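K.L.:
The sequence shown lines up with residues 1 to 461 when you count with full-length UniProt numbering.
Yeah, the Cβ is synthetic: ideal placement off N, Cα and C, and Gly gets one too.
Just so we're clear, the structure is a prediction, and the values are computed from it rather than from any experiment.
There's a structure below that I have some questions on.
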Amino acid sequence: LENSLSAPIDEPVANAVGALGLLYAASEGSAHALEFSAFTNDAINAELAADETLLRQDHRRWQQANVFSLCAHAFVLEPAAKASVLKLSSMDQMSSEFEGAFFRSMFTRSMHSPFLLLRVRRDHLIRDSLHQLAARAAELKKPLKVHFIGEEGVDEGGVQKEFFHLVVRQLFDPVWGMFIQDDTTREFWFNQNSFESNREFELIGTLIGLAIYNSVILDVRFPHVVYKKLTRRPCGFADLARAFPALAHGLQQVLEHAGDVRELCLTFAVSHEVYGERKVVELIPNGAEVEVTNDNCREYVDKYAEHVLHTSIARQFQAFNTGFSAVCGGPALELFRWEELELLICGNPNLDFEALQRATVYDDGFSAVHPTIELFWEVLHGLEIELKRRFLIFSTGSDRVPINGLGSLQFVISRHGSDESRLPSAHTCFNHLLLPEYKTAEVMRKQLLMAIQDTEGFHIV
1 LENSLSAPID EPVANAVGAL GLLYAASEGS AHALEFSAFT NDAINAELAA DETLLRQDHR
61 RWQQANVFSL CAHAFVLEPA AKASVLKLSS MDQMSSEFEG AFFRSMFTRS MHSPFLLLRV
121 RRDHLIRDSL HQLAARAAEL KKPLKVHFIG EEGVDEGGVQ KEFFHLVVRQ LFDPVWGMFI
181 QDDTTREFWF NQNSFESNRE FELIGTLIGL AIYNSVILDV RFPHVVYKKL TRRPCGFADL
241 ARAFPALAHG LQQVLEHAGD VRELCLTFAV SHEVYGERKV VELIPNGAEV EVTNDNCREY
301 VDKYAEHVLH TSIARQFQAF NTGFSAVCGG PALELFRWEE LELLICGNPN LDFEALQRAT
361 VYDDGFSAVH PTIELFWEVL HGLEIELKRR FLIFSTGSDR VPINGLGSLQ FVISRHGSDE
421 SRLPSAHTCF NHLLLPEYKT AEVMRKQLLM AIQDTEGFHI V
């Protein structure tokens, strides 16, 4: 498949990818399936990464009937390429909405904003977001702009990053009652006893969909089973074990019980406390009257897993999925496996600051060998990981890393005068750090740490 991506794609490439597709389908249907990454093709992905027009051409072919495209055989594409396809699809839809608003304004002589503009108050963030998204449900495909009422920030990307960061943090706060956090994994799960309405859960789904649609990475700590459910993959006891290891351990002990399982005095029912009251849920009809025995203990464990992962949170997840799909549903999202969807939403967990350094561009008199820049990287590489995350929030608006790593951030550092009393500042919209010309590592560290302490609130620099 080397050196072979043309428009249209050569027949030998199409035949090779088609044959690989048969192997992929066979593997997926096997009890001993290969890792899905075994089918990605390095040569194809290297060419797509080197020339973005190739992916644009393939994206257009994908939208035509009876025309071969790599997008239709997504198993050969790496996650970064799929993310680019999703971005192309989003940009096409945004462009269409933008043009539609423009022409409607021309012909109706009324103002139709080309943007999904959210005006929110910091101290009423959830209420304002919920109200405005509900009122603008037909505008979700427009490019997003966020304005914090009473603040100067102009949203070129940085304000919306902070908006998502704050609203997700509030909605996942245990005080809000929508999610519970597992003590072992520290991941969040839908609270089956939440008093919040479906609208709140739909809002979270909408927000996550909007983040993907607008290329914003989120700090969302869901167990992997949420992404499997979003991609309609089957889930079972193995998924329960990853999401809730303590619960799964107890159920595994039932399966491995050496004696008579009836000694454990279990029935096909689950009981838990809801605000001081004991509630019993039957796993099968009349389950409270059915003993768990050696013969049916496997069924009991499977029903228990089904209850936790599906039945008990069906209302909450359905609303969440409805909101998510309203923004992000469609063919482009279906390119992603659940593992890749998690990367798309949460970003790459690998904080490779060496890659960031290699990819950084310098301006206004700085260069990679300028003494101030050498001091900067020396200090940054020496910070502990939490401070590095705070630096990312300060300089880019988020501590989350794009799916293809820190090296893809298009990070820029500009000289910002020679006054060493000035703190560094940033245009988070453009991943642009403004750095005074500090002369020593001590001053660099002191000023950088002071700058990154307070990273909330966007103002014109």
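(1) In terms of alpha-carbon separation, which member of 58, 203, 96 and 411 lies closest to residue 131?
(2) Which residues does DSSP pair with residue 426 in a beta bridge?
(3) Express the C-alpha separation of residue 84 and residue 135 in angstroms, rounding to a whole number.
(4) How is residue 524 classed by DSSP in three states: helix, strand or coil?
(5) What residues in its chain sit with their C-beta under 8 Å from that of residue 325, if we drop five residues either side in the sequence?
(6) State buried or exposed for residue 320, treating a residue as buried only when at least 16 other CB atoms are found within 10 Å of its CB.
(7) For the structure I just gave you, are there three or more beta carbon pairs, one from the segment 364 to 376 and one from the segment 384 to 397, closer than 8 Å?
(8) Only counting the same chain, and skipping five residues up and downstream in sequence, which positions put a Cβ closer than 8 Å to that of residue 461?
(9) Measure the C-alpha to C-alpha separation of residue 368 and residue 48 and round it to an integer number of angstroms.
(10) Does the count of Cβ pairs from the segment 409 to 424 and the segment 433 to 453 closer than 8 Å reach three?
(11) State the Cα-Cα distance for the pair residue 347 and residue 42, rounded to the nearest angstrom.
(12) Expressed to the nearest angstrom, what Euclidean distance is found between the alpha-carbon atoms of residue 259 and residue 253?
(13) Counting along the chain, where does the alpha helix (DSSP H) carrying residue 375 start and finish?
(14) Take residue 303 and list the residues in its own chain whose beta-carbon comes closer than 6 Å to its own, dropping the five residues that flank it on each side.
(15) Do the CB positions of residue 88 and residue 59 come within less than 9 Å of each other?
(16) Return the chain-ordered ranges of every alpha helix (DSSP H) run that is complete within the segment 268 to 349 and spans a minimum of 4 residues.
(17) Any idea if residue 468 is buried or exposed, counting beta-carbon neighbours within 10 angstroms, 16 or more meaning buried?
(18) Would you decide whether residue 323 is buried or exposed? Buried here means 16 or more other CB atoms lie within 10 Å of its CB.
(19) Does the beta-carbon distance from residue 359 to residue 410 come in below 9 Å?
(20) May I have the straight-line CA-CA distance separating residue 19 from residue 73, to the nearest angstrom?
(21) Bridge partners of residue 116, per DSSP?
(22) Buried or exposed for residue 342, please, with buried defined as at least 16 other CB atoms from any protein chain shown within 10 angstroms of its CB.
(23) Which stretch, first to last residue, makes up the alpha helix (DSSP H) that contains residue 24?
(24) The alpha helix (DSSP H) spanning residue 447 covers which residue range?
(25) Indicate whether residue 240 and residue 305 have their beta-carbon atoms separated by less than 9 Å.
(26) Look at the alpha carbon of residue 92 and the alpha carbon of residue 62, and state the distance between them as a whole number of angstroms.
(27) Using C-beta distances below 6 Å, list every residue in its chain close to residue 217, excluding the 5 sequence neighbours before and after it, in chain order.
(28) What separation, rounded to the nearest whole angstrom, lies between the Cα atoms of residue 113 and residue 148?
(29) Which same chain residues, not among the five before or five after residue 167, have their C-beta less than 8 Å away from its C-beta?
(30) If distances are taken between C-alpha atoms only, which option among 159, 115 and 27 comes closest to residue 396?
(31) Taking only three categories from DSSP, how would you classify residue 401?
(32) Here's the rule: buried if 16 or more other CB atoms are within 10 angstroms of the residue's CB, otherwise exposed. What is residue 265?
(33) Over the uninterrupted alpha helix (DSSP H) stretch that includes residue 479, give me the two end residues.
(34) Give me the Cα-Cα distance between residue 365 and residue 394, rounded to the nearest whole angstrom.
(35) Once the 5 residues before and after residue 227 are set aside, which same chain residues still bring their CB inside 6 Å of it?
(36) Which parts of the segment 147 to 221 are runs of the alpha helix (DSSP H), unbroken and 4 residues or longer, counting only runs that do not cross its ends?
P.N.:
By the coordinates alone:
(1) By 1-based counting over the sequence shown, the position of residue 131 is 131. For the residues 58, 203, 96 and 411, the minimum Cα distance to residue 131 belongs to 203.
(2) The count along the sequence shown starts at 1 and reaches residue 426 at position 426. Answer is 433.
(3) Numbered from 1 along the sequence shown, position 135 holds the residue referred to as residue 135. Numbered from 1 along the sequence shown, position 84 holds the residue referred to as residue 84. Distance between the alpha carbons of residue 135 and residue 84: 30 Å.
(4) Only positions 1 to 461 of the chain appear in this structure, which leaves residue 524 out of reach.
(5) Working through the sequence shown from its first residue, we reach residue 325 at position 325. The answer, listed in chain order, is 205 and 209.
(6) Here residue 320 refers to the residue found at position 320 when the sequence shown is read from its first residue. It is buried - the Cβ of residue 320 has at least 16 other Cβ atoms within 10 Å.
(7) no
(8) What you label residue 461 is simply residue 461 of the sequence shown in a count that begins at 1. Interpretation of residue 461 is limited by its pLDDT of 39, a score under 50 that renders its predicted location unreliable; no figure is taken from the coordinates.
(9) Indexing the sequence shown from 1 puts residue 368 at position 368. Indexing the sequence shown from 1 puts residue 48 at position 48. Each residue's Cα considered, the two are about 28 Å apart.
(10) yes
(11) Position 347 of the sequence shown, counted from the first residue, corresponds to residue 347. Position 42 of the sequence shown, counted from the first residue, corresponds to residue 42. Residue 347 and residue 42: Cα-Cα distance of roughly 21 Å.
(12) As a first step, residue 259 must be located in the sequence shown, where it is residue number 259. As a first step, residue 253 must be located in the sequence shown, where it is residue number 253. For residue 259 and residue 253, the distance between alpha carbons rounds to 11 Å.
(13) In the sequence shown, the residue the question calls residue 375 occupies position 375. Its alpha helix (DSSP H) spans residues 371 to 382.
(14) Counted from its first residue, the sequence shown places residue 303 at position 303. Excluding residues within five positions, the ones whose Cβ falls inside 6 Å are 283.
(15) One-based indexing of the sequence shown puts residue 88 at position 88. One-based indexing of the sequence shown puts residue 59 at position 59. Yes, these two residues count as a Cβ contact at 9 Å.
(16) 297 to 309, 314 to 328 and 338 to 346
(17) Given a span of 1 to 461 for the chain in the structure shown, any question on residue 468 remains unanswerable.
(18) Walking along the sequence shown from the start, residue 323 turns up at place 323. Residue 323 is buried by the Cβ-count criterion.
(19) By one-based count along the sequence shown, residue 359 stands at place 359. By one-based count along the sequence shown, residue 410 stands at place 410. The answer is yes: Cβ separation under 9 Å.
(20) Within the sequence shown, numbered from 1, the residue matching residue 19 stands at position 19. Within the sequence shown, numbered from 1, the residue matching residue 73 stands at position 73. Residue 19 and residue 73: Cα-Cα distance of roughly 11 Å.
(21) Start at 1 with the first residue of the sequence shown, and residue 116 comes out as number 116. 144, per the DSSP bridge assignment.
(22) Your numbering for residue 342 matches position 342 in the sequence shown. Classification of residue 342: buried, given that the 10 Å Cβ count is 16 or more.
(23) The residue labelled residue 24 in the question sits at position 24 within the sequence shown. 11 to 28 is the span of the alpha helix (DSSP H), which, as asked, contains residue 24.
(24) Residue numbering aside, residue 447 sits at position 447 when the sequence shown is read from its first letter. Segment 441 to 452, the alpha helix (DSSP H) holding residue 447.
(25) By one-based count along the sequence shown, residue 240 stands at place 240. By one-based count along the sequence shown, residue 305 stands at place 305. In this structure, residue 305 lies closer than 9 Å to residue 240 by Cβ.
(26) Here residue 92 refers to the residue found at position 92 of the sequence shown. Here residue 62 refers to the residue found at position 62 of the sequence shown. C-alpha separation (whole angstroms): 14 Å.
(27) Here residue 217 refers to the residue found at position 217 of the sequence shown. Counting only Cβ-Cβ distances below 6 Å, and skipping sequence neighbours, we find 347, 398 and 400.
(28) Within the sequence shown, numbered from 1, the residue matching residue 113 stands at position 113. Within the sequence shown, numbered from 1, the residue matching residue 148 stands at position 148. Taking the straight line from one Cα to the other gives about 18 Å.
(29) Here residue 167 corresponds to residue number 167 of the sequence shown, with the count starting at 1. Within the same chain, residue 167 has close Cβ partners 125, 126, 129 and 207.
(30) Indexing the sequence shown from 1 puts residue 396 at position 396. Answer by Cα proximity: 159.
(31) Your numbering for residue 401 matches position 401 in the sequence shown. Coil.
(32) Taking the first residue of the sequence shown as position 1, residue 265 is located at position 265. Exposed, because fewer than 16 other Cβ atoms sit within 10 Å of the Cβ of residue 265.
(33) Since the first and last residues shown for the chain are 1 and 461, residue 479 lies out of range.
(34) Locating residue 365 in the sequence shown gives position 365, where the first residue counts as 1. Locating residue 394 in the sequence shown gives position 394, where the first residue counts as 1. Looking at the two C-alpha atoms, the distance is approximately 22 Å.
(35) What you label residue 227 is simply residue 227 of the sequence shown in a count that begins at 1. Excluding residues within five positions, the ones whose Cβ falls inside 6 Å are 338, 341 and 342.
(36) 158 to 171 and 198 to 213
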